[in-house]
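Counting in this note's numbering, the sequence shown runs from -2 upward without gaps.
Ideal placement from N, C-alpha and C gives every residue a C-beta, glycine not left out.
Contents: one structure, followed by commentary.
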Amino acid sequence: MTELEDSTSLGLDVTPLAGYIGAEISGVDLRGTIEPAVVDEIRSALHRHKVVFFRGQDIGHADQIAFARLFGRVTPAHPHEEDPPEGFPEILPIDSRRYETNLGRKRTSYDSSWHTDVTALVNPPAASILRAHILPPYGGDTAWTNLVAAYENLPKDLRDFVDRLDIRHQFTTRAASGSQRERKVRETNLVSYHPAVRVHPDTGERALFVSPGFTRGAREVRGLSPSQSERILSLLWEEATRTEYTVRFKWEPGSVAFWDNRATAHLAISDAGHLGHDRVLYRVTLEGDVPRGVDGRQSEQVSGEAFYGS
Ligand code: SIN
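This is the structure in C-alpha cells:
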C-alpha cells in the first residue's frame, strides 16, 4: 500500500508541495480527539516530508499544546522567554508588536536568518509547531530546507570529511542593549558543540546540522583555524540552504506548520517588517534528544543547561 492509500483510509490526504520537502495534510481537525493511527500517520508524513502543514485550524493555545503532546514532551516556550501568554508557559509568541521593545526595531519575526530552533542547547527541540494568528496582507512567509537532502547530495568525499566535524553553536544576543531579553540571553549563555552531521534517532537519516543563525556568531569548526572554519562553514551553509531543497509556505490565519527540527532549518522571510503590518504566530516545541554523529559521538554542552519538557 502506498503512503497516499494508507493515509486516505484514515481520512487524511498528504499532498507534497515541493520536490524535496513539505506536504500539506488535510482531513484532520487538530482540535478534537485524534486517533492513534492518525497520529502515527502524521508522524510518518513528518519524517518523510520534514515539515507538514495544516490549514483552516480554528485552534487556541490549549489545543495547540494538546496536539503537540501527542508527539512528545512539550518544553517551556523558550529558554529566554519570560512573558508567555498567561496560563500557557509552553507558548512562544512570535509577535511583531513585541520586537520593537525587545529587539529595538519593528520586525515580523525574532530572527531573519536560516536556523534550526535553539541549536545552542545541547538538546535542541525535536520538533516545533507554529500556528498563525495575525498576518500581514502579503509577505511574511516562512521557508524550510531539507538538511537530509543537503547531506545526501554532497559528493561522497565531502560527506566523509564533514562526518567528522564538530561545530560550535551559540546564542548571540540580537536584543536591544539593556533590555530584559539581553540580560536573559547573557545569563543563560547557551553554547554547545554539535556534530556537523547528526543521525536522526527515528529514521536513521543523516542531516547536515549547521544552523547558520547559531553557528555564525562563533564561526568555529573544532580544531580548525578561524579562516579555515569560516570557509568550510560558508560552504556548508550554502549547501544546506540551496533553493532546490526548500519549500516556501504562505500563511493564512489558522495555518499550522509542524517541522522536524532534527532534519530541517527554516527562515522567516523578512519582507514585511518595513511595511508596519502586524504578524503574530504562536510556537510550541517538543523536547529534543542530545544529537549523535555518524560514529555515535554525542554533542557537548559548553555552557547553559539542557532544556526539558513535561
Ligand atoms: C521560528 O523561527 O520559529 C518562526 C518562524 C517565523 O516567524 O516564520
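In the displayed model, Thr98 falls within a helix according to three-state DSSP. Rounded to the nearest whole angstrom, the C-alpha separation of Glu97 and Gly175 is 14 angstroms. Scanning the stretch 48 to 101 for uninterrupted alpha helix (DSSP H) segments of 4 residues or longer gives 58 to 66 and 93 to 99, listed from N- to C-terminal end. Between Thr30 and the set Ile56, Asp10 and Arg183, the nearest pair of CA atoms involves Ile56. Listed as beta-bridge partners of Ile126 by DSSP are Phe255 and Val281. In this structure Lys247 is exposed. Its beta-carbon is surrounded by fewer than 16 other beta-carbon atoms within 10 angstroms.
Residue environment analysis places Phe168 among the buried positions, since at least 16 neighbouring C-beta atoms fall within 10 angstroms of its C-beta. Annotated three-state conformation of Ala146 is helix, per DSSP.
Here Pro33 is exposed, its C-beta having fewer than 16 other C-beta atoms within 10 Å.
Burial check for Tyr17: the Cβ neighbour count within 10 Å reaches 16 or more, so the residue is buried.
Here the alpha carbons of Leu132 and Ala59 stand approximately 21 angstroms from one another. If you ignore the 5 residues before and after Pro13, its C-beta comes within less than 6 angstroms of the C-beta of Ala20, all in its own chain and listed in chain order. DSSP places Asp37 in the uninterrupted alpha helix (DSSP H) bounded by Pro33 to His46.
If you compare the alpha carbons of Leu9, Pro152 and Asp160 with that of Ala42, the shortest gap goes to Leu9. Just measuring C-alpha positions, the residue of Thr238, Ile126 and Ala146 sitting nearest Leu67 is Ile126. By the Cβ neighbour-count rule, Ala303 is exposed, with fewer than 16 other Cβ atoms within 10 Å of its own. When only Cα atoms are considered, Val25 and Leu221 end up about 49 angstroms apart.
Under DSSP, Thr139 forms a beta bridge with Phe246 and Ala265. If you draw a straight line from the Cα of Ser106 to the Cα of Glu202, it comes to about 30 angstroms.
The Cβ-Cβ distance between Asp286 and Ala123 falls below 8 angstroms. A direct Cα-Cα distance of roughly 17 angstroms separates Phe64 from His44. Its Cα nearest to that of Asp114, the residue Phe206 stands out among Phe206, Ser252, Thr240 and Arg219. The beta carbon of Ala74 sits closer than 7 angstroms to the beta carbons of Pro81, Pro86, Glu87, Ile88 and Leu89 from its chain, once the five residues preceding and following it are set aside; these are given in chain order. Between the ligand SIN and the CB of Ser224, the shortest heavy atom gap is not smaller than 7 angstroms.
Membership of Glu302 in any beta strand (DSSP E) is not indicated, and neither H nor E is assigned to it by DSSP.
The three-state reading of DSSP puts Pro223 in helix, counting H, G and I together.
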